[in-house]
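Read through the structure below, which is laid out as structure tokens, and then see the notes.
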Amino acid sequence: MRSRYTAFALHHEAYLLATWHPSTRPSTLEFEAGREWYMLKVITSTEVGDTGTVSFVARSRLGGRVWALEEVSRFVREGGRWLYIEGLTNA
Numbered sequence: 006m007r008s009r010y011t012a013f014a015l016h017h018e019a020y021l022l023a024t025w026h027p028s029t030r031p032s033t034l035e036f037e038a039g040r041e042w043y044m045l046k047v048i049t050s051t052e053v054g055d056t057g058t059v060s061f062v063a064r065s066r067l068g069g070r071v072w073a074l075e076e077v078s079r080f081v082r083e084g085g086r087w088l089y090i091e092g093l094t095n096a
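Count the sequence shown with this note's numbering and you get residues 6 to 96, in order.
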């Protein structure tokens, strides 16, 4: 999770796509110009066999405002690698 957050903050599209499960992976990613990600707080994580979840809050700045993204991300382990499946956000 932390490596994906860092890749997202630094706009490392190739890494994000490589760690995204093929069943839900988009063909490309778009990054919001001017958004600065500055904090990640992992709340909880679970692992049951080859599935897992990570609940987190990430904070960013854009247009002079502070934003928070709260998500529970689902992962699956395949070939020894954890792959992102989807994120469920609290709106």
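Each residue gets a CB set at the ideal place from its N, CA and C atoms; glycine is no exception.
Small disclaimer: the values here were computed from a predicted structure and weren't measured.
In three-state DSSP terms, what is residue i?
i, result
"residue 40", "coil"
"residue 32", "coil"
"residue 11", "helix"
Under 8 Å by Cβ, that's how I've got residue i and residue j pegged, so tell me the actual separation to the nearest angstrom.
i, j, result
"residue 89", "residue 33", "Incorrect: roughly 16 Å between the Cβ atoms, too far for contact."
"residue 72", "residue 64", "7 Å"
Pick from the options: whose alpha carbon is nearest that of residue i?
i, options, result
"residue 9", "47, 38, 84", "47"
"residue 31", "22, 39, 55", "22"
"residue 67", "19, 18, 40", "40"
Give me, in chain order, the residues of the same chain whose beta-carbon lies closer than 7 Å to that of residue i; leave out the 5 immediate sequence neighbours on both sides.
i, result
"residue 36", "16"
Grab me the residues of residue i's own chain with a C-beta within less than 6 Å of its C-beta, minus the 5 sequence neighbours each way, in chain order.
i, result
"residue 93", "77"
For this session: Decide yes or no for the touch test of the region 40 to 54 against the region 9 to 22: beta carbon pairs closer than 8 Å, at least 3 of them.
Result: yes
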